[in-house]
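Chains as they are written, first to last, in the UniProt record's numbering: chain W, 1 to 481; chain E, 1 to 95.
Virtual Cβ for every residue (Gly too), placed ideally from N, Cα, C.
Data first, discussion second: the structure below is written as structure tokens.
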Amino acid sequence: MSSIPAGWEAVIGLEVHCQLLTKTKIFSGASTTYGAEPNTQADAVTLGLPGVLPVLNREAVTMAVKFGLSVDAKIAETCVFARKHYFYPDLPKGYQISQYELPIVEQGHLDIEVDGVAKRIGITRAHLEEDAGKSLHDAFPGFTGIDLNRAGTPLIEIVSEPDIRNSAEAVAYLKKLHQLVVALGVCDGNMQEGSFRCDANVSVRKPGAPFGTRTETKNINSFRYVQQAIDYEIERQIEVIEAGGKINQETRLFNPDTGETRAMRSKENANDYRYFPDPDLLPVVVTAADQERIRASMPELPAAKKARFESQYGLSAYDANLLTSESALADYYETVVKVSGAEAKTCANWVTGDLLAALNKSGKAIEDSPISATQLAGLVARIADKTISGKIAKDVFEAMLAGEGDADAIIKAKGLVQITDEGAIAAAIDAIIAGNPQQVADYRGGKDKLFGFFVGQAMKATQGKANPEALNRILKEKLAG
Amino acid sequence: MSLTPEQVQQVAHLARLELNAEMVPTYAQQISNILAMVDQLSAADTQGVSPMAHPLGLTQRLRPDVVTEPNRREAYQAHAPAVEDGLFLVPKVIE
């Protein structure tokens, strides 16, 4: 991540388009399933055929309210849809139905953390609108192909205050927002499929000076690209100004192959969109009672869950943060704790350590884990009741990963039950002491480091199954002579 | 307020309307008259009156999130000038 040169400050605001997880479109009962054959989900309303009327999807309103409540925003009691006019073939009506003066959500905020420093990013507004279709420019010589399946998919556009000062903060904000909308169940968060996409408004200035002219880089669809695009734009703008040039207010596109942005078209003036209230739609009213009903239906949010994990399970902030980064992971962890009855910290170590490492290695999501939460709980329970040692547990874990069955079955089949019989451990140690007189003499002569040698020999003699505490204690006693 | 010929052309361009040069003075006059009427409306004292988004004093009814529209692509594409692989074809759009 490149740093901003001394004497300069960047001012960044983000607009995030977030596709809502409704079954149908915002203004019609056509399906929104991703990946269908082109135009098979484009009904008369989506196509903008004459005489059709939009009818608002209740679930889209509910989801927008959920988002607003989750960022402590004001939910407008009355909000209004407006037409935003522009001409492009993926927008059959010649206008997008959006919200302008009276959006559904205003004045919220999201708290982020970068390098341990907390910062509050303001959310100016979030409004409901319809997505456009898709254009395919390269498939047909002389023509552009239009697929309107996506047109009419409900979106919330979430607009931040220009509170962000560098790409690291921008990425932290986006990740937090992403985590939030996924946890709320209002968006699937799939950036590759365009369910969560970001426009970055970037300008630079001398600290304390008025805002510089900003550029808007459109449709950036990964966290890494957002970081790259912002870093590139900051550097480019500073270079232009230091060379005596001026920044044009323009729309730019990010090229992932080069990591650069390039000018797309000069931004039409805001009033060229000729916004006006859509006469086909009446004002939408969300009452206080509606809000409370919706609030009651919301899941526990990531920030609250993190705090609960710290207090209820005594986890470190780091572990709590990691385990609540995805709700599926948090659920997995809570199942392990509940089913195993083992210490919460031990469970956290297994989930954040061995399990996540194995999932990372195989590129699997927690939902597709080859070891279920109940299975992992079965393993952790055997460590807790001292059937096996933590060391042997690693081998059992590998076997479980390879699909050899539940922990108990593997422990039994491989004869891995821990030796807790102190008589048996003592007998093994006696044999080692008898067989290594020189090492015993050296140890007794002050070479403390040799203790490790004896532990190794004893473990070897018991195939690693000796209870480590008992082994250490008995070995110490016997070596002391 | 009266519109210049350039403003008339600009508004026509935004609406993708083609105007003959000889039509421009007529439209300039007509649109200026409309704006004069708007000025007259603007002169009314509206303090304490909240803006009205819709002439009906009603609120929007909401629809349940249930799929009701089947695939009717064939019918909808029957009157499209050009279609291929299920896509509508339009003259190449250059970015």
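Problem - Sufficient close CB pairs (3 or more, under 8 angstroms) joining the segment 77 to 86 of chain E to the segment 71 to 89 of chain W - result: The segment 77 to 86 of chain E, when compared against the segment 71 to 89 of chain W, does not touch it at the 8 angstroms Cβ threshold.
Problem - Assigned exposure category for residue 87(E) - 16 Cβ within 10 Å defines buried - result: So residue 87(E) ends up on the buried side.
Handout entry: Rounded C-alpha distance that separates residue 142(W) from residue 87(W)
Key = About 19 angstroms.
Exercise for the section: Report the residues of the segment 120 to 138 of chain W with a CB closer than 8 angstroms to any CB of chain E, ordered along the chain. Expected result: Within the segment 120 to 138 of chain W, the residues whose Cβ lies closer than 8 angstroms to some Cβ of chain E are 135, 136 and 137, listed in chain order.
Handout entry: residue 27(W), DSSP secondary structure in three states
Key = DSSP places residue 27(W) in coil when its eight states are reduced to three.
Handout entry: Runs of alpha helix (DSSP H) lying entirely within the segment 260 to 348 of chain W, each at least 4 residues, in chain order
Key = Segments of the alpha helix (DSSP H) lying fully in the segment 260 to 348 of chain W: 288 to 296, 302 to 313, 317 to 323 and 327 to 340.
Exercise for the section: Count the CB pairs spanning the segment 30 to 45 of chain W and the segment 141 to 156 of chain W that are closer than 8 angstroms, and state whether there are at least three. Expected result: Short answer: they touch.
Problem - Selected residue, minimal CA-CA separation from residue 376(W), among 341(W), 360(W) and 137(W) - result: When only C-alpha atoms are compared, the closest one is 341(W).
Handout entry: Same chain, Cβ closer than 7 angstroms to residue 268(W), five either side skipped, listed in chain order
Key = Low confidence applies to residue 268(W): its pLDDT is 49, below 50, so where it sits in the model is not reliable enough to give any reading.
Exercise for the section: Identify whether residue 206(W) lies in helix, strand or coil by the three-state DSSP scheme. Expected result: Annotated three-state conformation of residue 206(W) is coil, per DSSP.
Practice task
Taking the CB atoms as reference points, tell me whether residue 230(W) and residue 263(W) lie closer together than 8 angstroms.
Solution key: Not a contact, by the Cβ cut-off of 8 angstroms.
Practice task
For residue 31(W), return the contacting residues in chain E, with the cut-off set at a CB-CB distance below 7 angstroms.
Solution key: 67, listed in chain order.
Exercise for the section: Can you say whether residue 270(W) is buried or exposed, counting buried as having 16 or more other CB atoms within 10 angstroms of its CB? Expected result: Note that residue 270(W) scores 47 on pLDDT, short of 50, meaning its location in the model is unreliable; the coordinates nonetheless yield the value given after this. By the 10 Å Cβ count, residue 270(W) comes out exposed.
Handout entry: Beta carbon of residue 171(W) nearer than 8 angstroms to that of residue 8(W)
Key = Going by beta carbons, residue 171(W) and residue 8(W) fall outside the 8 angstroms limit.
Problem - Secondary structure, alpha helix (DSSP H): runs of 4+ residues fully inside the segment 143 to 197 of chain W - result: Fully enclosed alpha helix (DSSP H) runs of no fewer than 4 residues occupy 167 to 184 of the segment 143 to 197 of chain W, in order along the chain.
Practice task
Report, in whole angstroms, the separation of the C-beta atoms of residue 465(W) and residue 417(W), which I expect to be a contact under 8 angstroms.
Solution key: Right, their Cβ atoms sit about 7 angstroms apart.
Exercise for the section: Quick one: using the 10 Å Cβ neighbour count with 16 as the cut-off for buried, is residue 59(E) buried or exposed? Expected result: Label assigned to residue 59(E): exposed.
Problem - CB contact below 8 angstroms: residue 78(E) versus chain W - result: Closer than 8 angstroms: no.
Problem - Buried versus exposed, by CB contacts within 10 Å (16 or more), residue 410(W) - result: Taking a 10 Å sphere around the C-beta of residue 410(W), we find 16 or more other C-beta atoms and assign the residue as buried.
Practice task
Check whether the segment 19 to 33 of chain W touches the segment 127 to 134 of chain W, taking contact to mean three or more Cβ pairs, one atom from each stretch, closer than 8 angstroms.
Solution key: Counting Cβ pairs under 8 angstroms, three or more are found: they touch.
Handout entry: Closer than 9 angstroms at the beta carbon, the chain W residues around residue 84(E)
Key = For a Cβ distance threshold of 9 angstroms, residue set 139, 140, 143 and 145 of chain W lies close to residue 84(E), ordered along the chain.
Practice task
Return helix, strand or coil for residue 92(E), following the three-state DSSP convention.
Solution key: The answer is coil: DSSP assigns residue 92(E) none of H, G, I, E or B.
Handout entry: Cα-Cα separation, residue 303(W) to residue 314(W)
Key = Straight-line Cα distance between these residues: approximately 16 angstroms.
Handout entry: Own chain, CB closer than 8 angstroms to residue 255(W), minus 5 neighbours either side, in chain order
Key = Excluding residues up to 5 positions away in sequence, 261 and 262 lie with their Cβ nearer than 8 angstroms to the Cβ of residue 255(W) in the same chain.
Problem - Contact residues within the segment 12 to 40 of chain W, judged by C-beta distance below 7 angstroms to chain E - result: Legend: CB atoms of the segment 12 to 40 of chain W lying less than 7 angstroms from CB atoms of chain E belong to residues 22, 23, 24, 28, 29, 30, 31, 37, 38, 39 and 40.
Practice task
Check whether the segment 213 to 220 of chain W touches the segment 42 to 61 of chain W, counting contact only when three or more Cβ pairs, one atom from each stretch, lie closer than 8 angstroms.
Solution key: Touching, no.
Exercise for the section: Check the Cβ-Cβ distances between residue 80(W) and every residue of chain E, and say whether any is below 8 angstroms. Expected result: With 8 angstroms as the cut-off, residue 80(W) counts as an interface residue toward chain E.
Handout entry: Members of the segment 49 to 62 of chain W that neighbour chain E once the beta carbon cut-off is set at 7 angstroms
Key = Listed by position along the chain: 55, 56, 57, 58, 59 and 61.
Practice task
Determine the burial state of residue 69(W): buried for a count of at least 16 other Cβ atoms within 10 Å of its Cβ, exposed for fewer.
Solution key: Label assigned to residue 69(W): buried.
Practice task
Output yes if chain E places a C-beta closer than 8 angstroms to the C-beta of residue 165(W); else output no.
Solution key: No, no contact with chain E.
Practice task
State the DSSP-derived secondary structure class of residue 15(W), mapped to helix, strand or coil.
Solution key: Residue 15(W): strand per DSSP, three-state reduction.
Exercise for the section: Mind reading off the beta-carbon distance from residue 491(W) to residue 66(W)? Whole number of angstroms is fine, and I expect it under 8 angstroms. Expected result: As shown, chain W starts at 1 and ends at 481. That puts residue 491(W) outside it, with no answer to give.
Practice task
Could you tell me whether the Cβ atoms of residue 22(W) and residue 154(W) are closer together than 8 angstroms?
Solution key: For residue 22(W) and residue 154(W), yes; Cβs fall inside 8 angstroms.
Problem - Cβ pair count under 8 angstroms reaching 3, the segment 373 to 390 of chain W against the segment 330 to 349 of chain W - result: Yes: at least three Cβ pairs fall under 8 angstroms.
Problem - Neighbour flag for residue 76(W) against chain E, beta carbons, 8 angstroms - result: By this cut-off, residue 76(W) is not an interface position.
Handout entry: 6 angstroms CB neighbourhood of residue 3(E) in its chain, flanking five on each side removed
Key = Closer than 6 angstroms at Cβ, skipping near neighbours: 28, 31 and 32.
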